[in-house]
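Chains as they are written, first to last, in this note's numbering: chain X, 38 to 327; chain D, 160 to 594; chain H, 2 to 277.
Ideal placement from N, C-alpha and C gives every residue a C-beta, glycine not left out.
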Amino acid sequence: MATTQSRTLAKFMLMPSVLLLLGWMIVPLCMTLYFSFLDYNLLIPGEHEFIGFLNYEFFITDPAFTESFFNTLLLVGGVLIITICGGIGLAILLDQAIWGRNYVRIMVLAPFFVMPTVSALVWKNMLMNPVNGLFAHFSSWLGMNPIDFFAQVPLLSIIIIVSWQWLPFAALILLTAIQSLDREQLEAADLDGAGPFSKFFYIVLPHLSRAVTAVILIETIFLLSIFAEILVTTSGGPGYASTNITYLIYTQSLLQFDVGGGSAGGIVAVIIANIVAIFLMRLIGKNLEG
Amino acid sequence: MLNKLTMLACGALTMSAAVTAETITIATVNNGDMITMKELSSDFEAKNPDIDLKWVTLEENILRQRVTTDVATKGGQYDVMTIGTYEVPIWGKQGWLKPLDNLDADYDQDDLLPAIRSGLSIKDKLVAAPFYGESSMVMYRTDLMEKAGLEMPKAPTWTFIREAAKAMTDKDAGVYGICLRGKAGWGENIALITSMSNSFGARWFDENWKPQFNTQQWQDTLQYYVDVMEESGPPGASANGFNENLALFQTGKCGMWIDATVAGAFVTNKTDSEVADKVGFALAPDNGLGKRGNWLWAWNLAIPASSKKSDAAMKFVSWATSKEYTALVASKKGWAKVPPGTRTSLYENPEYLKAAPFAQITLDSIQSADPVNPTVEPVPYVGVQFVAIPEFQGIGTAVGQQFSAALTGRMTVKQALASSQRLTERAMRKARYPK
Amino acid sequence: MAITSSHKSKLIYTVLAWTISGLIFFPILWTLLTSFKTEAEAISASPSLFMFDWTLENYRDVLERSPYFTHFWNSVVISIGSSLLGLLIAIPAAWSMAFVQTKRTKNLLMWMLSTKMLPPVGVLIPIYLLFRDFGLLDTKLGLVIVMTLINLPIMVWMLYTYFREIPSEILEASRMDGATIVEEVFHVLLPIALPGIASTLLLNVILAWNEAFWTLILTAANAAPLTAFIASYSSPEGLFYAKLSAASAMAIVPILILGWFSQKQLVRGLSFGAVK
């Protein structure tokens, strides 16, 4: 189908973004790589000695490292599950004939528009606070002890807050996908006597698979570097219960302006992210082709 | 070079009458006092028509990050920076701050409170001008103390505080005897607990920079903190910083609150606080070992050594930290809103003492804090509630995380101290202390 | 899924939809309401939904204290500028990847996405140093560049996904009618892909609007967008919930309005996606 002419043209059209991204990626990446081998602290000027892999060793042997690694995976996994299941449900619901659909849609989309710091603050102080928060009032009204979210279930609290923020994104993408569903197929299935569940599993879900894949990939990228919400609510605590790799880099290195250590942490994070990505691609990569 | 062009363009576009208007960029924290400074800056601009002011106001941590990055990489984005008593010794040592040599003639450096001044001088030269200073104190509910049949002494002990907290607690009614910071962070719970530890005879490092978390004094400190919060503290304390505790106190949920002296103005403010007329003040507690549990902090204005506009910047710094500025705030906003804790003359002013019931305690607290000798036993560092080394922000926050885990019961006090010891040793080894 | 017009099911779905979306929207509603409360009321132990003394003092304070419109304009320029610039680069790239499949397409896509995986926290200093040397610190241009590059992989990816949905028969048909590549892109591809492009654009505007890391680090007084404006209300010492709510409201509402209008665009665009 593609002629030689269009192939060459295609290469030309591709070139700007490839070159730009190459530059954007290579230059800071190289600088980061370079810094990671140095003993470079912004606050201590002087010769930046070459110390080999010491920064890496220090970062990986940190007692918090293993826990942060698993927290990162849990955080990403938890949010993905909630947003995709919730997103599919919402997409189907919003696809129905309802009154005031525009209003409903905007309400569902709204959390995505709020700055992460503000969302986290609202959830922390107005909702989840065990003394003054709304959830606390609600549970005492029901006669139960209020849950101290950030002390008892810190990681889950962060997952809840982040899921709330990303649910609109998933819902939007999935809604767009559902609305491009061929109605004739569904009508045909109706005529064949298929019930709502089989229609869902055999027609809707496969159609959505590409959109779900896109959502998973995009969200994973953002979720791996969640930071603001943790900073504002739990500061990674108690202990390391809600620290992820990004936050660990922050407290370990950036907070004390240890550029060498921060760079090493960054490289480690990239490696981890790439492993996660390869893993994901193996799992769902087929959905992107053909 | 492009930067200079942009700056020139900015200057040219301003509406000032003088053709040679200079623009200085000021980085501030968004505290009430600094916001007032911004509001009243028109007074400065009127006196100095050839200087234009541009403001960057941010939350403390973000500001610290940006300003530090800028000054260390000589980015040149700021001409006046607001920095704390933590940064000044570190940056001053690197030579990043311009010594404040030509402040106004009537500035009167000797009027500055000695405790604060010593923390801001390198070799007796002032490198940062204090804008406002604070220590910490006990704020308590006079009505709840009365109900419990107790009387708060001017200088209580930690033992008394624990008793009083228990007596005032009524968890069913939602009243908690004591509210203390629990949020993990070097400037959050660590500030409080370190100050406490000073009064328990503990210290962060000995003279050879060995961490001291394995000592009995630290065990006593942390055990006390955890116990008293367990008995009389509010739920959710591990996420509470200054603001959360302020909200709790103002809505009547706390019997006592030990925190920054600036809170005095907030809790006695009739518009915001439900308990405004029921508040008493006392010095931070001690254990009879010679050091009380209060800290010392000041926000200061400093000029980066590489600034090209140091003359204009110097003029601004003089104006903002002068006696005239204090009088200006008093005339526009009342004496209670004057930036506290920097000058002796303020505390000799009867009008101020009348308007601010917490003034005397603030002064006493600041004067009793000694950043050069903060602990009972000698230490190789300066800083009352922090250790003025660059690595402290990271170490302090990590230790803060351990302490907040002890608070929530995720680890025992022993475990928290053991892991704090380990991680501090590790970090100090990496930073190659002793140097 | 079931396209039924019976009133009963419409009612049920409506109630369900409104309840769920109401719950989702609630924290934001709460923020908006808090912006009209006094600070004391905002932290009150017995919060009320509508029964309180409504006040405009927070908005007044916020407008007095900060140059809202400067920040607003900066946000607009940076978000829209970077999204448009990104589209300019991403559309050709996505087109060529979607319609001219090579063996390396998938790897290329993965590589592009992986450029986003370097946590910004780790590249802070190199970027800061680069920007300082090029004089881009505290300029809108600098931020537009950063935002474009940050979001470019996402844009390419999303457009690629949408373009692949378009059956190649349409393009072949137009080519057989003698259209050149350019005409093919402009007269055939773009109209069909418009909803995809629109949602990519909208997504990027939002992402850039809310980006709170680079916008805070790389700006000072001149190019600071609304994220810096909000950050200046989050004070560690002193109550601010009401003012923060007001500041947030002023940052959220413009984008909500944008979302409101563009959702109609999306719906209109989506109604003719099928191949005839």
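Can you pull the chain X residues whose beta carbon is under 9 angstroms from the beta carbon of residue 570 of chain D, in chain order? Numbered from 1 along the second sequence, position 411 holds the residue referred to as residue 570 of chain D. Within 9 angstroms Cβ-Cβ: 275 and 276.
Whole angstroms is fine: what's the gap from residue 498 of chain D's alpha carbon to residue 290 of chain D's? Sequence index remark: in the second sequence, residue 498 of chain D carries index 339 (1-based). Sequence index remark: in the second sequence, residue 290 of chain D carries index 131 (1-based). Cα-Cα distance, rounded: 7 angstroms.
What does the alpha-carbon distance come out to for the pair residue 206 of chain H and residue 425 of chain D? On the third sequence, residue 206 of chain H is found 205 positions in, with the first residue counted as 1. On the second sequence, residue 425 of chain D is found 266 positions in, with the first residue counted as 1. Between residue 206 of chain H and residue 425 of chain D, the C-alpha separation is close to 40 angstroms.
Kindly list, in the order they appear in chain D, the residues whose Cβ is closer than 8 angstroms to that of residue 176 of chain X. In the first sequence, residue 176 of chain X corresponds to position 139, counting from 1. Those within 8 angstroms of residue 176 of chain X in chain D number zero; the least Cβ separation is about 12 angstroms.
Three or more C-beta pairs closer than 8 angstroms, one from the stretch 268-281 of chain X and one from the stretch 186-195 of chain X: is that the case here? yes
For a cutoff of 9 angstroms on Cβ pairs, would you count residue 483 of chain D as touching chain X? Position 324 of the second sequence, counted from the first residue, corresponds to residue 483 of chain D. Not one chain X Cβ lies under 9 angstroms of residue 483 of chain D.
What does residue 453 of chain D reach in chain H if we use C-beta pairs closer than 9 angstroms? Here residue 453 of chain D is taken as the residue at index 294 of the second sequence, counted from 1. Within chain H, no residue comes near residue 453 of chain D; the closest Cβ sits about 16 angstroms away, beyond 9 angstroms.
Cβ separation of residue 567 of chain D and residue 397 of chain D, assumed to be a contact under 8 angstroms, to the nearest whole Å: Taking the second sequence and counting its residues from 1, one reaches residue 567 of chain D at position 408. Taking the second sequence and counting its residues from 1, one reaches residue 397 of chain D at position 238. Yes, they are in contact, since the Cβ atoms of residue 567 of chain D and residue 397 of chain D sit about 5 angstroms apart, within 8 angstroms.
Under the three-state reduction of DSSP, which class applies to residue 39 of chain H: helix, strand or coil? Position 38 of the third sequence, counted from the first residue, corresponds to residue 39 of chain H. Residue state, collapsed to three classes: coil.
Can you say whether residue 220 of chain X is buried or exposed, counting buried as having 16 or more other CB atoms within 10 angstroms of its CB? Your numbering for residue 220 of chain X matches position 183 in the first sequence. When all chains shown are included, residue 220 of chain X counts as exposed.
Taking 8 angstroms as the cut-off, does the CB of residue 267 of chain X come closer than this to any heavy atom belonging to the ligand HEM? Because no ligand of any kind appears in the structure shown, any question about the ligand HEM cannot be addressed here.
Tell me the rounded alpha-carbon separation between residue 211 of chain H and residue 156 of chain X. Numbered from 1 along the third sequence, position 210 holds the residue referred to as residue 211 of chain H. Numbered from 1 along the first sequence, position 119 holds the residue referred to as residue 156 of chain X. Approximately 11 angstroms between the Cα atoms of the pair.
Rounding to the nearest angstrom, what Cα-Cα distance links residue 229 of chain H and residue 207 of chain X in this structure? To locate residue 229 of chain H, count along the third sequence from 1; it is residue 228. To locate residue 207 of chain X, count along the first sequence from 1; it is residue 170. Cα to Cα, residue 229 of chain H sits roughly 27 angstroms from residue 207 of chain X.
From the DSSP output, in three-state form, read off residue 492 of chain D for me. Taking the second sequence and counting its residues from 1, the one referred to as residue 492 of chain D is at position 333. Helix at residue 492 of chain D.
Between H:8, H:27 and H:19, which lies nearest to residue 201 of chain X when the distance is taken from Cα to Cα? Residue 201 of chain X sits at position 164 when you count from the first residue of the first sequence. Ranking the options by Cα distance to residue 201 of chain X, first place goes to H:27.
Counting only beta-carbon atoms, is residue 210 of chain D nearer than 9 angstroms to chain H? Here residue 210 of chain D corresponds to residue number 51 of the second sequence, with the count starting at 1. Output row for residue 210 of chain D: interface = no.
Can you list, in chain order, the residues of the stretch 64-76 of chain X whose Cβ is nearer than 8 angstroms to any Cβ on chain H? 64, 65, 66, 68, 69 and 72
Within 10 angstroms of its Cβ, does residue 418 of chain D collect 16 or more other Cβ (buried), or is it exposed? As a first step, residue 418 of chain D must be located in the second sequence, where it is residue number 259. Classification for residue 418 of chain D: buried.
List, in order along the chain, the chain D residues whose C-beta lies closer than 7 angstroms to that of residue 133 of chain H? Indexing the third sequence from 1 puts residue 133 of chain H at position 132. Near residue 133 of chain H (Cβ distances below 7 angstroms), the residues of chain D are 232 and 234.
Please name the residue in D:188, D:334, D:564 and D:259 whose C-alpha comes closest to that of residue 382 of chain D. Position 223 of the second sequence, counting from 1, holds the residue named residue 382 of chain D. It is D:564 whose Cα lies nearest to the Cα of residue 382 of chain D.
With DSSP run on the structure shown, which of helix, strand or coil describes residue 308 of chain D? Stepping through the second sequence from its first residue, residue 308 of chain D is reached at position 149. Coil.
For residue 99 of chain X, count neighbouring C-beta atoms within 10 Å of its own C-beta (all shown protein chains included) and say buried if the count is 16 or more, exposed if not. Here the question's residue 99 of chain X lines up with position 62 in the first sequence. It is buried - the Cβ of residue 99 of chain X has at least 16 other Cβ atoms within 10 Å.
Out of curiosity, what's the CA-to-CA distance linking residue 57 of chain H and residue 37 of chain H? Taking the first residue of the third sequence as position 1, residue 57 of chain H is located at position 56. Taking the first residue of the third sequence as position 1, residue 37 of chain H is located at position 36. If I take the Cα positions, the gap works out to 6 angstroms.
Can you tell me whether residue 222 of chain H is buried or exposed? The criterion is at least 16 other CB atoms within 10 Å of its CB, across all chains shown. Here residue 222 of chain H corresponds to residue number 221 of the third sequence, with the count starting at 1. Residue 222 of chain H should be labelled buried.
Nearest CA to the CA of residue 421 of chain D: which residue from D:296, D:462, D:197 and D:442? Taking the second sequence and counting its residues from 1, one reaches residue 421 of chain D at position 262. Taking only the C-alpha atoms, the option nearest residue 421 of chain D is D:296.
Would residue 225 of chain D pass as a contact of residue 314 of chain D if the rule is Cβ separation under 9 angstroms? Counting from 1 along the second sequence, the entry for residue 225 of chain D is found at position 66. Counting from 1 along the second sequence, the entry for residue 314 of chain D is found at position 155. Contact: no.
Return no unless some Cβ of chain X is closer than 9 angstroms to the Cβ of residue 352 of chain D. For the purposes of this step, residue 352 of chain D is taken as residue 193 along the second sequence, with counting starting at 1. It does not; no Cβ of chain X falls within 9 angstroms.
Between residue 228 of chain X and residue 199 of chain X, what straight-line distance do the alpha-carbon atoms span, to the nearest angstrom? By 1-based counting over the first sequence, the position of residue 228 of chain X is 191. By 1-based counting over the first sequence, the position of residue 199 of chain X is 162. Whole-angstrom Cα-Cα distance: 42 angstroms.
First and last residue of the beta strand (DSSP E) that includes residue 525 of chain D? As a position in the second sequence, residue 525 of chain D is number 366, starting the count at 1. Per DSSP, residue 525 of chain D belongs to no beta strand (DSSP E); it is in the alpha helix (DSSP H), 518-527.
Span separating the alpha-carbon of residue 178 of chain X from that of residue 334 of chain D: Numbered from its first residue, the first sequence carries residue 178 of chain X at position 141. Numbered from its first residue, the second sequence carries residue 334 of chain D at position 175. Cα-Cα distance, rounded: 18 angstroms.
Since residue 297 of chain D is in the beta strand (DSSP E), which residue starts that stretch and which ends it? Here residue 297 of chain D corresponds to residue number 138 of the second sequence, with the count starting at 1. Here the beta strand (DSSP E) through residue 297 of chain D covers 288-300.
Kindly provide the ranges of any alpha helix (DSSP H) runs that are 4 or more residues long and lie completely inside the stretch 225-291 of chain X, ordered along the chain. 233-236, 242-260, 265-270 and 282-289
Using a cut-off of 9 angstroms between C-beta atoms, extract the partners of residue 228 of chain D located in chain H. Locating residue 228 of chain D in the second sequence gives position 69, where the first residue counts as 1. Correct list: 125, 126, 129 and 218.
Who are the neighbours of residue 81 of chain H on chain X, taking C-beta pairs under 9 angstroms? Here residue 81 of chain H refers to the residue found at position 80 of the third sequence. Simply none; closest approach about 15 angstroms.
Measure from the C-beta of residue 249 of chain D to each C-beta in chain X and report whether the shortest distance is under 9 angstroms. Here residue 249 of chain D is taken as the residue at index 90 of the second sequence, counted from 1. Closer than 9 angstroms: yes.
Quick check on this structure: which residue in D:511, D:573, D:547 and D:562 has the alpha carbon closest to the alpha carbon of residue 248 of chain D? Walking along the second sequence from the start, residue 248 of chain D turns up at place 89. Looking at the Cα atoms, D:547 is the closest of the given residues.
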